[in-house]
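One structure below.
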Amino acid sequence: MIKRLQKNMYEIAFQIRREGSYTSLTRPEIRNIEQFSAGLILLFAQLIVLVFLIAFTVYAPDADASDLHNTIHPVYGGFDQKFNRIVKYHNLFQDVHVMIFAGFGFLMTFLRKYGFSAVGFNFLLAAMMIQWAILCNGFFNLDENTKIPLSIESLLKADVASAAVLISMGALLGKTSYIQLLVMGVIEIAVFSSNMYLGSEFFKVSDAGGSIFVHVMGAYFGLGVSYVLCRNKKGSEVQNTLEGSSYTSDLFAMIGTIFLWMFWPSFNAGEVEGDDRHRAVINTYLALASCCVTAFAVSAIFTPGHKFDMVHIQNSTLAGGVAVGTAANMMVQPYGAVIIGIVAGALSVLGYAKLTPLINSKLNIHDTCGVHNLHGMPGVLAGLIGALMASIATEDTYHHGLYEIWPARAPTTAQHTPEVGSPIIGDGRSASVQAGYQLLAVVVTLLIAIIAGVITGFIILSPVVTRISPENRYDDALSWHLPDEEHAEPSPYAHDTELNGSKHESPSVLVIEEISH
Amino acid sequence: MIKRLQKNMYEIAFQIRREGSYTSLTRPEIRNIEQFSAGLILLFAQLIVLVFLIAFTVYAPDADASDLHNTIHPVYGGFDQKFNRIVKYHNLFQDVHVMIFAGFGFLMTFLRKYGFSAVGFNFLLAAMMIQWAILCNGFFNLDENTKIPLSIESLLKADVASAAVLISMGALLGKTSYIQLLVMGVIEIAVFSSNMYLGSEFFKVSDAGGSIFVHVMGAYFGLGVSYVLCRNKKGSEVQNTLEGSSYTSDLFAMIGTIFLWMFWPSFNAGEVEGDDRHRAVINTYLALASCCVTAFAVSAIFTPGHKFDMVHIQNSTLAGGVAVGTAANMMVQPYGAVIIGIVAGALSVLGYAKLTPLINSKLNIHDTCGVHNLHGMPGVLAGLIGALMASIATEDTYHHGLYEIWPARAPTTAQHTPEVGSPIIGDGRSASVQAGYQLLAVVVTLLIAIIAGVITGFIILSPVVTRISPENRYDDALSWHLPDEEHAEPSPYAHDTELNGSKHESPSVLVIEEISH
Amino acid sequence: MIKRLQKNMYEIAFQIRREGSYTSLTRPEIRNIEQFSAGLILLFAQLIVLVFLIAFTVYAPDADASDLHNTIHPVYGGFDQKFNRIVKYHNLFQDVHVMIFAGFGFLMTFLRKYGFSAVGFNFLLAAMMIQWAILCNGFFNLDENTKIPLSIESLLKADVASAAVLISMGALLGKTSYIQLLVMGVIEIAVFSSNMYLGSEFFKVSDAGGSIFVHVMGAYFGLGVSYVLCRNKKGSEVQNTLEGSSYTSDLFAMIGTIFLWMFWPSFNAGEVEGDDRHRAVINTYLALASCCVTAFAVSAIFTPGHKFDMVHIQNSTLAGGVAVGTAANMMVQPYGAVIIGIVAGALSVLGYAKLTPLINSKLNIHDTCGVHNLHGMPGVLAGLIGALMASIATEDTYHHGLYEIWPARAPTTAQHTPEVGSPIIGDGRSASVQAGYQLLAVVVTLLIAIIAGVITGFIILSPVVTRISPENRYDDALSWHLPDEEHAEPSPYAHDTELNGSKHESPSVLVIEEISH
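Chains as they are written, first to last, in numbering that gives the first Met the number 0: chain Z, 0 to 516; chain G, 0 to 516; chain U, 0 to 516.
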């Protein structure tokens, strides 16, 4: 082993000295070194995160046995363990956790020969991103000892943050190495946390379901990256016969769709409480139901032959969850949620049917999963609805809840009333000013996402990051040992299969050189 | 687009004027119009539901920010947000939600070429039915402003109601268009809500797990519809080679089975509280465990070759959950739950092995998923067990809980005792009278289900509803764009495949005409 | 039917009289009788369990309507139904339930022709084991009437106990009949309960996530059985082409992996409360995240071609959950959990890559799922970490929590302080003594597991237990009616297929005879 490592290291050093001219090594040797380095980079990234965690994290008081409040009886000022945050959040945290790992993971298995990568890279990427998000989110919320106090809320917020990266991954699915995804994710989470801090603390915007901060960010960031990756016309013109589904892969993808759909109410309601949580669950449930029906209907109406298209069913049925996200805990009324779902479902299917082909051919932005239709447009719609709701929000409709949803609308001096919670001191904003800030957050998020995405695209195309060639796209064979299904029943075509296998391998370097020139 | 719509509209008008004589249009054109209209009908149905929701729904007080109780501190009479119903129900609601969409959806994917329709139509139908059930359930519980107050309880009850429709869908799986399912569902939910109101408010019957109101209703309603659909001998004689499973489709179906089985305790316990909920979880857990073991054993004993039959494992392992449903929160004792599970498991497997072939050949009722064995007979069994338990229920065994389970058994005058909850004023029924009412509910539900099912069968066979021909049964190709799996590796048989594809399409009209004559 | 039963009974009697010499019966007849008897044994086992349940189980007070505490108002000393244990445990119980039935079940579907058996036998075995575990766990906790009071806690503990058996099943996957698994499980649960009682009550050891009592026990017990099953060189030398995965079966297995991974925090936190539960969730979440990343990295580094190996991704990503189990509620600090995850992930992948082939070839122990790498070594690691944490645990770090985690460390006389919970009277153990006991529990569990496993191996190879021949390993055809996938499209090879089918059947008796000699 150590010998092999030394040999590989030597080869890498050798390769670096020659600055990208691989002439002395054969192609399989180069690929071998690349894959080996990718593993090392991954391990190294985990160790870096560990160092940060050592330096910055502690348990939050209600998870910390060394905090005396957990020992002292409540009547003497201790915590009431019956109301430990683990009780309040565990349930919804676990639902969101399912969305991130099973939902997103299986949703992306629709490609016929990219199932291992879809569910596997989603797993790997999310597992890294939740650690990194705990840090990035935490840096904006350090305690007095400049430490990040970890609680179940941190885990929930980390899961939510990682969703942004997985959405971006959806735009790029099959076109990147996992190292490119990793580098992208590391940048994106940092941008995500900063933008959310800006939106929540400076613009004081309400976005319960993260439609602006998560969905708009994730979608347009990913599209920005994809624009850079595919701007090379030659690359996108390569006919790739693997970019399609099979009957079985489409059914695996439905596992993802259904689990995302079922647990989405928890995603939108997870970070709010009391009647806000209750309302968020009801609104999301209704928006998703009407969105599902509308997506089926519009798919049948606009698809040639008027049959359902699995891409619409797998994705557009979920758009209602995105579109109702920002306003989930606002007083949209049950029918309002249903209208939002109907509009989102129709918008999303029409996006797939009409807009995606245009964006691909005219703007040269390739969007594998169509995240623009599931997260991008519905996310912007959610932002607009949030602004609309903010503009008509009155004390009569929300009472004290108005200041819980939009703290900046609270008066600048405390008022003592027999209210739930302590009085909130705000900025005395009017409804229309708050609506303006809601719009501002959407615009700023959009701009940051696109700019940061494009820059990230150039970064992950730099020669130090492992890349893949267009011929190897949408193919598990590049990164996975595939089951030797011929082994059991040796076929006369065994030799052909091997040739076919090597076909996937060989042209990689050739094209990488093309890209880098 | 608008042009195409106009053209289609013109053709539809044309077709209507001619009253069903399609002579001027070719078959593919007619199918095209039918599929297009189906999409429009779906969209229209969603819009109708929206109108009702606008007219009738409001947030329940504990989900309504405009209700001052959410703002006032509990000591002044406000709601304690820690005990908002979202806290009490969210967990179990979410479990039931998984059963409806992942459980039922994947359970029905066992057919080899009907997986898209199984999980997709289940998704579509349930998404529409939960909205409609919110309305139908709500019409029996209007508040003083003739509005339906929506809470997490409404969502839970809507999910439970939609289960009845999905059970009926199981009997019909593969034999109807999705418009037929939709029409059936709209009628069935209305019948379901009325029957449940009758049973709960007039008969004052206890049915915690809905075995009578959901399972008996769903199964016999579906069988009634199926009787009408298949009464045309010619239709049922058509040899359909697609009515079978594949190795992969059977594994997808096991996802449904396992998720239904795991979350069933929440289904039976969802609408009760405290020690009743605790008992319902324990009883359902035990009944399902013993039912699973028994179903395996009886499958091995009664199947030729004494091997397990996947149909039994996928379905009969769940019968214990149905059979213990009515009595889930009653004092059946742990061993009683186990006995119920054993009887239900054996009954269900024997139903599949012996009864279903008879019902199919003698009564001419085709039951694709065998819902009679999973929901029908175990549901009736549950009703009988409920009556038995009611007949032996005493104050000594239940104390105040007796009146919570059977309010009609409470004395006709209030008694002040240091009890949980406020005193209940009832009808002073005796144990045997209550048992009689329990039996009455089973019989009435059975009759209503069968009659309403048969009537519904005739309705969905009427010419205004999109129908499918027997040749197109159990085939996703009718309603879905299937992945072009040949595209990647063009085969010499590509031409044959196309011919095969068109085979699925062409004969539809021919047979519809046969049916309508 | 009764006629067939009589005939079978006659044949069994006939066979017994002849004492194993099957000369008068043909092989298919013998297999038929064996399979029939297996079904009867299963049914009989369920009835035996029923008898025990009748004799010993009652509802726990907070699930028992006949307990007056559920009727009396809390201010008069009744139970507060808002804090019924169903509220405290339901959520996490349900998560663990998903791990047992969906997690373990689908994890084992990775074999290409053993999916029905993997998910089916897991279902059957677990359904029987949870009932048996309720009894075995309960015998050590009888109430004053020598009854076992059933609560949601009993169900949770039964689920956890069944995990040990499913781990052992992983080592044996594909090599046993389901009757052998059943017999093994019945013995293992009894051993499990005794060992856990010994560890908890006598050694007074803390093991929140059951890494010692569940994972070490399950893995080494299973390896002990496997050693006996495969000690016959001839058997293990049989080349079995079915011991491999397919692309689809690997994706089904990922369902298991992902659901185990997502809900593992609930497994480790399920049986503790308050800040301990909060900490256990955080620690397990972090350990699993870092373990996942590390397993991917180490898989890429150590696998030929530096591609990911699905076996590592499916299994080693979970090792962090095992390794952090014992110390999950201890003050390992967030970074400590991450370190544990990194070590476990690396250890587990290296185990698969390097150790398993050695153990198979040198020690002749075949381990189908590699439970040694996922549960065995990480479980021992967890035990060592638990001992380490115990050795450095002080009152300053844990306050009263120290005595909740390690009751034996509490002083021998009660101290009245304003603490949470009632004062605990312990044995006054020092930190190092407690650490010694933690180590002792690991060693004792290891020894008991190996010895009991080897003995159980001999028991399930005895002629009274239905066995399978090496040629039938990893093959669903032995125990399941497989879908007739040829039926739909009759192929020219139909005749060959039938011959192939009979090939699976015929040699079974031959080899059983070989084994028994």
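Just so it is clear, CB atoms sit at the ideal spot from N, CA and C, and this is done for glycine as well.
Taking C-beta separations shorter than 6 Å and ignoring five residues to either side along the sequence, the partners of residue 117 of chain U in its chain run 107, 108, following chain order. Shortest Cα-Cα distance from residue 128 of chain Z to any of Z/167, Z/370, Z/309 involves Z/167.
Taking a cut-off of 8 Å for Cβ pairs, the region 250-267 of chain G and the region 350-364 of chain G do not touch, as fewer than three such pairs fall below it. Only 119, 122, 123, 126, 127, 129, 130, 149 from the region 119-149 of chain Z bring a Cβ to less than 7 Å from some Cβ of chain U. Residues of chain G whose Cβ lies closer than 9 Å to the Cβ of residue 115 of chain U are, in chain order, 246, 249, 250, 253, 307, 309, 312. Residues are counted here when their Cβ sits less than 9 Å from a Cβ of chain U; for the region 275-294 of chain Z the count is zero. Residue-level contact by beta carbon holds for residue 397 of chain G and chain U, with a gap shorter than 8 Å. For residue 399 of chain Z, the closest alpha carbon among the candidates G/36, G/64, G/368 is that of G/64. Taking 9 Å as the cut-off between beta carbons, the residues of the region 85-107 of chain Z near chain U are 85, 86, 89, 90, 92, 93, 96, 97, 99, 100, 101, 104, 105, in sequence order. Short of 8 Å from the beta carbon of residue 331 of chain G, and not among the five residues preceding or following it, lie these beta carbons of its own chain, in chain order: 282, 323, 339, 384, 388. DSSP, read as helix, strand or coil, puts residue 298 of chain G in helix. Scanning chain Z for C-beta atoms nearer than 8 Å to the C-beta of residue 53 of chain G yields 334, reported in chain order. Proximity to residue 287 of chain U across U/183, U/212, U/126, U/315 peaks at U/315, based on C-alpha coordinates. Residue pairing by DSSP places residue 479 of chain Z opposite U/307 in a beta bridge.
Taken in chain order, the whole alpha helix (DSSP H) runs of length 4 or more contained in the region 48-124 of chain U are 84-97, 103-106. Sixteen is the threshold: since fewer than 16 other Cβ atoms of the shown chains lie within 10 Å of the Cβ of residue 361 of chain Z, the residue is exposed. For residue 302 of chain U, a Cβ of chain Z is located within less than 8 Å of the residue's own Cβ.
Rounded to whole angstroms, residue 293 of chain U and residue 462 of chain Z show a C-alpha spacing of 24 Å.
The DSSP assignment places complete alpha helix (DSSP H) segments of no fewer than 4 residues inside the region 123-188 of chain Z at 151-171, in order along the chain.
Taking C-beta separations shorter than 6 Å and ignoring five residues to either side along the sequence, the partners of residue 301 of chain G in its chain run 352, following chain order.
Separation of residue 187 of chain U and residue 218 of chain U (C-alpha to C-alpha, rounded to the nearest whole angstrom) is 11 Å. The C-beta distance from residue 112 of chain Z to residue 475 of chain Z rounds to 6 Å, short enough to meet the 8 Å contact threshold. Beyond the five residues adjoining it in sequence on each side, residue 430 of chain U comes within less than 6 Å, by CB distance, of 390, 392 in the same chain, given in chain order.
Judged by DSSP secondary structure, residue 326 of chain U falls outside any alpha helix (DSSP H); it is assigned neither H nor E.
Against chain U, the CB of residue 272 of chain G has a partner CB under 8 Å away; the residue lies at that interface.
Around residue 157 of chain U, the same chain offers 129, 132, 133, 136 as residues with beta carbons nearer than 7 Å, after the five sequence neighbours per side are excluded. Rounded to the nearest whole angstrom, the CA to CA distance from residue 317 of chain U to residue 50 of chain Z is 22 Å.
The DSSP-derived three-state label of residue 244 of chain G is strand.
When only Cα atoms are considered, residue 228 of chain U and residue 465 of chain U end up about 13 Å apart. The Cβ atoms of residue 433 of chain U and residue 479 of chain U do not sit closer than 8 Å to each other.
If only uninterrupted alpha helix (DSSP H) runs of at least 4 residues are considered, those enclosed by the region 366-427 of chain Z are 376-391, 394-397, 400-404. By the neighbour-count criterion, in which 16 or more other beta carbons inside 10 Å mark a residue as buried, residue 90 of chain G falls on the buried side.
The three-state secondary structure of residue 313 of chain U, taken from DSSP, is helix.
Spanning the alpha carbons of residue 35 of chain U and residue 341 of chain G requires a straight line of approximately 18 Å. Residue 103 of chain G sits close to residue 255 of chain G, with the two beta carbons spaced by under 8 Å. Proximity of chain Z to residue 265 of chain U at the Cβ level (cut-off 9 Å) is accounted for by 89, 93, in chain order.
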